[in-house]
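Visitor:
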Amino acid sequence: MLHCHLTSLQLHYSCNDLVASGRDRKPNALVQVAVIDPHKQHLVSHACTEIVEANKDPLFLTGMAFPSEYPASPETLVKLTVYDAKDKNQESVSKQLLFCSACVSFLGSATFSVGDLLRAKDERLTLSLRSSDGVCAAGTVVVSRLKMGEMEEVDVDHITTDIPSQKCPLVCESAHHSCVDRENNPLTGPVFRNPVCKVYRFQTVDSKWMLVREQMEECTLSFSIPKQLLSLYIQEDMSRVQDLRELGDLSPHWDNLRKEVMTRYAGIISSYQETLAELDKITGRSFKPSCCKAQKSLEFIPINLHTQRMRVTCPKKTDAFYDIVTVGAPAAHFQGFKCGGLQRLLSRYEAEKKSTAYQCIYYSPEHTAKAHEVLSTMSLLQPLITSLADQLLQAAHEHSSPGLRDALKNLSDKTEQFVHTLKDELVKSALLALHAAQPGFVSKNQKQTPVQGKRQGQGGDQNQSPVQGLPDSIPHHKEYDEEEWDRVWANVAKCLNCVIAMVDKLQEEDGSKQESVPEQQLADVITSHNPGDWREQLCPLVTRLKECVMEVAEKAKRAMTFVLLQEAACSIPQGFLLQQRRDVVFSQALAALACGFVMRLYAGMQDKGFLRQLHLVGLVAQFESLLSTYSEEIGMLEDMEVGISDLQRVAFKITEAKTDELGDLQPLVCGRRDHFTIEVPLPQLVFQTLPEEIKEGKPLRVFPVLFNVGINEQQTIAERFGDISLQERINQKNFETLEAYYKSLSEKVPLECLPCFQTQTDIKELLETLGQNVVTKKRKNVEILWIAGTICRRLNGIRFTSCKSAKDRTSMSVTLEQCALLRDEHQLSKDFFVRALDCMRSRLTQGDIGQWEDPEAGTVTENKPASRHFYPIALLLVSSHLLVVWLILSLVFLLAKYQ
0 MLHCHLTSLQ LHYSCNDLVA SGRDRKPNAL VQVAVIDPHK QHLVSHACTE IVEANKDPLF
60 LTGMAFPSEY PASPETLVKL TVYDAKDKNQ ESVSKQLLFC SACVSFLGSA TFSVGDLLRA
120 KDERLTLSLR SSDGVCAAGT VVVSRLKMGE MEEVDVDHIT TDIPSQKCPL VCESAHHSCV
180 DRENNPLTGP VFRNPVCKVY RFQTVDSKWM LVREQMEECT LSFSIPKQLL SLYIQEDMSR
240 VQDLRELGDL SPHWDNLRKE VMTRYAGIIS SYQETLAELD KITGRSFKPS CCKAQKSLEF
300 IPINLHTQRM RVTCPKKTDA FYDIVTVGAP AAHFQGFKCG GLQRLLSRYE AEKKSTAYQC
360 IYYSPEHTAK AHEVLSTMSL LQPLITSLAD QLLQAAHEHS SPGLRDALKN LSDKTEQFVH
420 TLKDELVKSA LLALHAAQPG FVSKNQKQTP VQGKRQGQGG DQNQSPVQGL PDSIPHHKEY
480 DEEEWDRVWA NVAKCLNCVI AMVDKLQEED GSKQESVPEQ QLADVITSHN PGDWREQLCP
540 LVTRLKECVM EVAEKAKRAM TFVLLQEAAC SIPQGFLLQQ RRDVVFSQAL AALACGFVMR
600 LYAGMQDKGF LRQLHLVGLV AQFESLLSTY SEEIGMLEDM EVGISDLQRV AFKITEAKTD
660 ELGDLQPLVC GRRDHFTIEV PLPQLVFQTL PEEIKEGKPL RVFPVLFNVG INEQQTIAER
720 FGDISLQERI NQKNFETLEA YYKSLSEKVP LECLPCFQTQ TDIKELLETL GQNVVTKKRK
780 NVEILWIAGT ICRRLNGIRF TSCKSAKDRT SMSVTLEQCA LLRDEHQLSK DFFVRALDCM
840 RSRLTQGDIG QWEDPEAGTV TENKPASRHF YPIALLLVSS HLLVVWLILS LVFLLAKYQ
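Under numbering that gives the first Met the number 0, the first residue of the sequence shown carries the number 0, and numbering increases by one thereafter.
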């Protein structure tokens, strides 16, 4: 009985007795496959095989998989059209010209229904090709379904390899039985969509056949992560404006600076709100094409973010799959690269900021980062301390000694962490500076000179960093009690000691035989309370502790806000522009990282070794970049370097979804610029299978590393006449990070948890080889990328490949890597390596059906749009010099045509 909808139906084709348009040669055949909707009678999907050269009986390696949005049913009609590429040496040119009549000729066509195929013996049909004049003399086409473990005798000579003609078994493992489609997996529903599937069959060294399935998908995180980030940026900047207002009255000089900074923040907030509103209007799209990379409303969206999985099924072996994320280099294309990228701009900005900081107090980047850290820590700890104090009172109300001890321990730990954070010298010096900036302040040493006049008159003296120990950096004035701050935060510790002593006394009175002798200074406080209800005796002390914590937090918050005011005032306007650029680049990088993490997590849910590695150490995220160090791409690489480095501020957390609805499985972003956390919800049944550490919400770290090797013609110019020091520095720095990650992994996780590969090269040996290649002076040393990618896979890492737009160079790298994996891990025959590479790189297999001329039906216009970045333009498969020649000749031809 036939099912209404057939899942994972995959077909492959061959032809017999084809007749070329020129009788004196054999045809260069290819088959175009069109799926016809039986109700609407128009084409709804398409595919195409590769070109098999000079063979009248071709067997095609590229098959067809029905897309999920158009599942096959018995009534589905499939039309096969066979073409002859007239000149086999012009295959790459014909791909670019999209099959004009001068490049290909129509041989014949045939139509069948899926029901006819499934009812046929062995699910195999032999159809006569009908030529354009209706005469059935063009040959036959054979279509069959890939089935589990079927043995088929085929003549290998049909495949046009160098192997002598022989009979060999054809074993095709059907994805219907062994492959798990990602689009049908409930976990991936809210994240991945619009799959593009391709299937191939390649021969192994032992004359068996493997089935290879490629599946590329778009990722909804391309838009959802940047939109969430924009909301957080707006929220953070609004909060910062409010903090500036709460600084209180300032002298005219500082008040004017504050107003200018608030105006700048208002401009950023308005710009981000406008961008967010534009993004909210976009519906249905899941990725940003390269043609929109310089569009302002889409500048936070990564370019061409896609995932690709290659699944390999071999006879008598377990299925294997290999994942990779492709994305355009995270860079601020709208803002341009005339003055360089982030790395260069930030270095120049820090140098210039010192010389232009005459209006404000200069704080070093380390001090600014410390101010952000103090504010972030306080925002987390203050409400946590309040909550723990309430828990202590609740345990006292319940008269629970174990509960009292546990609550007191947690309260003590967090309060001590709070006090330790505030003991920083920066907080104390900033309070002094804030006091000096208040109206009417006059120094005892210089009663006639206001602080702001002194600041402007001293020129560069006040620009020195407090790190360098220069007294003019921060105003120290005698009339302000410099010990006041020490007393304020010390009161928190004293209040905590009172609470601890009271708890000890209460437990002792409750029957403990251990004597506790409190300190003398606490005795009066403790003995002043009459024995009775625990809560009544603890409540005044706990209330006083919460009040002290709040007082300290308010003072420290104002001090750190004043530090950030100086940083912002010294930054006008360049610093705000750089922050916007950094926000844009980070948004693109974070969307790609979130996509890769979710993809890797879903793939490893059943791997206990991977989950153990995940919570004990974290994952390495290896970004492979193919940008050149020439012209604008230098700026892109400088942007990308900073963006990838900023991912160190990101952690992941696995949560239990409220429901199993797809909307509740969407990852969420929370935090602020100095630290973001991405929460990945999982269905309840899946969540319960995770290790306890992950279920308890332990932050999961990611270690981003970037390796870059330029491979195009511009890189040749850079290596001969330019400077590649940027690439060398990036590779050396990230090699050290990767080496440190492996050392940490080796200490905490048994190597048995790592995946097994056919190539048994030790990871330590691979790292040594990578280290040697990083320092070796060699042009276009792609060994760096190969070894780094291998190490990443061996370490259970996440693989990313990028170039300018994630199209040509990226697809060439991905397809070459896939074929190398088939060769090294699945014994792909060396005679099939180039053929497999051509099949994967061919854009014809994606259809471009809208450009085909059907001799019977005319031009087909209703077709599913394909993601054009999936495979490279064929001209780049040949020498880049030929590409340049072709472009020049094309330009000459156009000029001559329109003269």
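We put the CB at the ideal spot given by N, CA and C, even for glycine.
Could you check whether Ala-787 and Phe-706 sit closer than 8 angstroms to each other, using their CB atoms as the reference points?
Guide: Result yes, Cβ atoms of Phe-706 and Ala-787 sit closer than 8 angstroms.
Visitor: Tell me the rounded alpha-carbon separation between Glu-216 and Leu-689.
Guide: One C-alpha to the other measures close to 26 angstroms.
Visitor: I'd like to check one pair, Ala-552 with Met-377: are the Cβ atoms closer than 8 angstroms?
Guide: Contact: yes.
Visitor: Buried or exposed, going by whether 16 or more other CB atoms sit within 10 Å of the CB of Val-324?
Guide: It is buried - the Cβ of Val-324 has at least 16 other Cβ atoms within 10 Å.
Visitor: Taking the alpha-carbon positions, what's the Phe-908 to Thr-385 distance?
Guide: Residue 908 is absent from the model: the chain starts at 0 and stops at 898.
Visitor: Only counting the same chain, and skipping five residues up and downstream in sequence, which positions put a Cβ closer than 7 angstroms to that of Leu-76?
Guide: Result list for Leu-76: Ile-35, Pro-37, Thr-110 and Ser-112, in chain order.
Visitor: Residues bridged to Cys-838 by DSSP?
Guide: Looking at the DSSP assignment, Cys-838 forms no beta bridge with any residue, so it has no partner.
Visitor: Hey, would you say Asn-711 sits closer than 8 angstroms to Pro-754, going by beta carbons?
Guide: Against a cut-off of 8 angstroms, the Cβ pair of Pro-754 and Asn-711 comes out as no contact.
Visitor: Taking the alpha-carbon of Arg-144 as reference, which of Asp-254, Ser-127 and Gly-114 has the nearest alpha-carbon?
Guide: Ranking Asp-254, Ser-127 and Gly-114 by Cα distance to Arg-144 puts Gly-114 first.
Visitor: Classify Gly-696 as buried or exposed, calling it buried when 16 or more other Cβ atoms lie within 10 Å of its own Cβ.
Guide: Classification for Gly-696: exposed.
Visitor: Phe-675 bridges to which residues according to DSSP?
Guide: BP columns for Phe-675 point to Val-649 and Gly-670.
Visitor: What are the residues that DSSP puts in a beta bridge with Gln-307?
Guide: According to DSSP, which records beta bridges pairwise, Gln-307 is partnered with Met-215 and Ile-323.
Visitor: Thinking just about the alpha-carbon of each residue, which of Asn-490, Arg-486, Val-491 and Leu-537 is nearest to the one in Ala-500?
Guide: Selected option, being the one with the closest Cα: Leu-537.
Visitor: Across which residues does DSSP place Leu-699 in a beta bridge pair?
Guide: DSSP lists Phe-651 as partners of Leu-699.
Visitor: Between the region 579–592 and the region 312–320, can you find at least three pairs of beta-carbon atoms closer than 8 angstroms?
Guide: Touching, no.
Visitor: Is it buried or exposed for Gln-165, if we count other Cβ within 10 angstroms and need 16 for buried?
Guide: Residue placement at Gln-165 cannot be trusted, given a pLDDT of 33 that sits under 50; the coordinates are not used to answer.
Visitor: What is the residue span of the alpha helix (DSSP H) that Leu-433 lies within?
Guide: Unbroken alpha helix (DSSP H) run through Leu-433: 424–435.
Visitor: Suppose contacts are defined by Cβ-Cβ distances below 8 angstroms. Is Glu-632 in contact with Gln-713 by that definition?
Guide: Yes, the Cβ-Cβ distance between Glu-632 and Gln-713 is below 8 angstroms.
Visitor: Based on the DSSP output, what are the partners of Asp-107 in its beta bridges?
Guide: This sequence places Gly at residue 107; Asp is not what is there. Note: Gly-107 sits in a beta bridge opposite Val-81.
Visitor: Is it buried or exposed for Cys-290, if we count other Cβ within 10 angstroms and need 16 for buried?
Guide: Cys-290 should be labelled exposed.
Visitor: Using alpha carbons as the reference points, say which of Arg-778, Cys-802 and Lys-763 lies closest to Arg-793.
Guide: With distances taken between Cα atoms, Arg-793 lies closest to Lys-763.
Visitor: Going by CA-CA distance only, name the one from Lys-287, Gly-138, Phe-675 and Glu-566 that's closest to Ser-375.
Guide: Nearest C-alpha to Ser-375: Phe-675.
Visitor: Would you call Thr-800 buried or exposed, if buried means 16 or more other Cβ atoms sit within 10 Å of its Cβ?
Guide: So Thr-800 ends up on the buried side.
Visitor: Just to confirm the assignment, what range does the alpha helix (DSSP H) spanning Ser-812 have?
Guide: Unbroken alpha helix (DSSP H) run through Ser-812: 807–825.
Visitor: Hey, could you find the ends of the alpha helix (DSSP H) Cys-497 is sitting in?
Guide: Segment 483–508, the alpha helix (DSSP H) holding Cys-497.
Visitor: Residues in its own chain within less than 7 angstroms of Cys-594 by CB, not counting five upstream and five downstream?
Guide: Cys-218, Leu-220, Leu-304, Thr-306 and Val-324.
Visitor: Please name the residue, chosen from Gln-437, Val-833, Val-583 and Ser-570, that lies closest to Ser-250 on a Cα-to-Cα basis.
Guide: Cα-wise, what sits closest to Ser-250 is Gln-437.
Visitor: Grouping DSSP H, G and I as helix and E and B as strand, with all else coil, what is Ala-558?
Guide: Helix at Ala-558.
Visitor: Roughly how many angstroms separate the alpha carbons of Leu-231 and Gln-393, rounded to a whole number?
Guide: Spanning the two alpha carbons is a distance of roughly 35 angstroms.
Visitor: Under the DSSP definition of a beta bridge, which residues are partnered with Lys-197?
Guide: Answer is Glu-213.
Visitor: Taking the alpha carbon of Asp-413 as the reference point, which residue from Ile-302, Pro-329, Gln-612 and Leu-544 has its own alpha carbon closest?
Guide: The sequence shown places Lys at residue 413, rather than the Asp named in the question. Minimum Cα distance to Lys-413 is reached at Leu-544.
Visitor: Just to confirm, is the Cβ distance from Val-597 to Val-679 under 8 angstroms?
Guide: Yes. Within cutoff.
Visitor: Could you spell out the range, first to last residue, of the beta strand (DSSP E) harbouring Phe-799?
Guide: 797–801 is the extent of the beta strand (DSSP E) around Phe-799.
Visitor: So is Gln-342 buried or exposed if we call it buried at 16+ other beta carbons inside 10 Å?
Guide: When all chains shown are included, Gln-342 counts as buried.
Visitor: Do Leu-29 and Ala-84 have their C-beta atoms within less than 8 angstroms of each other?
Guide: Their beta carbons are under 8 angstroms apart, which means Leu-29 touches Ala-84 by this criterion.
Visitor: Please check the pair Ile-360 and Ser-804, which I expect to be a contact at CB under 8 angstroms, by giving their CB distance rounded to whole angstroms.
Guide: So it is not a contact: roughly 44 angstroms between Cβ atoms.
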